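J.:
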Amino acid sequence: MTVTLLLSSNEYKKKLSRCYNEVHKELYGVGVTQLKIEAVNETMIMFLVKHQRVAALRALEDHYPELKQSVDAALHQEFKRRIQKKLTEDLELPAAGVLRDYDPQTAWACTVIICDSGPDQ
550 MTVTLLLSSN EYKKKLSRCY NEVHKELYGV GVTQLKIEAV NETMIMFLVK HQRVAALRAL
610 EDHYPELKQS VDAALHQEFK RRIQKKLTED LELPAAGVLR DYDPQTAWAC TVIICDSGPD
670 Q
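With the working numbering applied, the sequence shown has no gaps in its numbers, which climb one by one up to 670 at the end.
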């Protein structure tokens, strides 16, 4: 089954949303404020997400920018590892890769899940 067909189901979108939000809460202690899920093509899913800024990271920005950047990078890598594992194990989505970027000025993030050849459902 293709990503486009899977995302035509509101129930499947809810499952994807729950997975994303659970991983985010595990790492950052808070959920997301907005979440939109779309098919990019037959094998890619895009999450457009508005995040709450983590107060501890915001506190590092002015006086420890290099440390903040390092912590941000480590958290992004850990998020990617965890979301890939969760989607693969919980939803049997063959997530071959995860791309992620975050803009701290707007608090918007984009996460793209690359599937091997579409979900096995």
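All C-beta atoms in this analysis are idealised placements derived from N, C-alpha and C, irrespective of residue type, glycine included.
If you're wondering where the values come from, they're calculated on a predicted model, not measured in any experiment.
1. Using only the alpha-carbon positions, how far apart do R630 and I594 sit?
2. Output the distance between the C-alpha atoms of K635 and R607, rounded to the nearest integer angstrom.
3. Can you have a look at A623 and say buried or exposed, based on whether 16 or more other CB atoms are within 10 angstroms of its CB?
4. Within 10 angstroms of its Cβ, does H600 collect 16 or more other Cβ (buried), or is it exposed?
5. Ordered along the chain, which non-local residues of its own chain (more than five positions away) have a Cβ less than 6 Å from that of L584?
6. Measure the alpha-carbon distance for S558 versus I586 and round it to whole angstroms.
7. With distance defined between alpha-carbon atoms, name the residue in E571, E627, L640 nearest to E560.
8. Counting only the same chain and skipping the five closest in sequence on each side, list residues whose C-beta sits under 8 Å from that of E627.
9. Per DSSP, which residues does E615 bridge with? Please list them.
10. So R676 and A656 are in contact, right, with Cβ under 8 Å, and what is the actual spacing, rounded?
11. If you measure between the beta carbons of F596 and T551, is that distance less than 7 Å?
T.: So, from the listed chains and residues:
1. Position 81 of the sequence shown, counting from 1, holds the residue named residue 630. Position 45 of the sequence shown, counting from 1, holds the residue named residue 594. Per the coordinates, the alpha-carbon of R630 lies some 16 Å from the alpha-carbon of I594.
2. Position 86 of the sequence shown, counted from the first residue, corresponds to residue 635. Position 58 of the sequence shown, counted from the first residue, corresponds to residue 607. Answer to the nearest angstrom: the Cα atoms are 28 Å apart.
3. Residue mapping note: residue 623 aligns to position 74 of the sequence shown, counting from 1. The residue is exposed, with fewer than 16 neighbouring Cβ atoms inside 10 Å.
4. Mapped onto the sequence shown, residue 600 falls at position 51. In summary, H600 is buried, with 16 or more beta-carbon neighbours lying within 10 Å of its beta-carbon over all protein chains present.
5. Here residue 584 refers to the residue found at position 35 when the sequence shown is read from its first residue. Close CB contacts of L584 within its chain, under the 6 Å cut and outside five residues either way in sequence, are with S566, V598 (chain order).
6. The residue you call residue 558 lines up with position 9 of the sequence shown. The residue you call residue 586 lines up with position 37 of the sequence shown. Straight-line Cα distance between these residues: approximately 12 Å.
7. The residue labelled residue 560 in the question sits at position 11 within the sequence shown. For E560, the nearest C-alpha among the options comes from L640.
8. For the purposes of this step, residue 627 is identified with residue 78 of the sequence shown, where counting begins at 1. Excluding residues within five positions, the ones whose Cβ falls inside 8 Å are L576.
9. Within the sequence shown, numbered from 1, the residue matching residue 615 stands at position 66. BP columns for E615 are empty, so no partner.
10. Because the chain here runs from 550 to 670, residue 676 falls outside it and cannot be looked at.
11. Walking along the sequence shown from the start, residue 596 turns up at place 47. Walking along the sequence shown from the start, residue 551 turns up at place 2. No.
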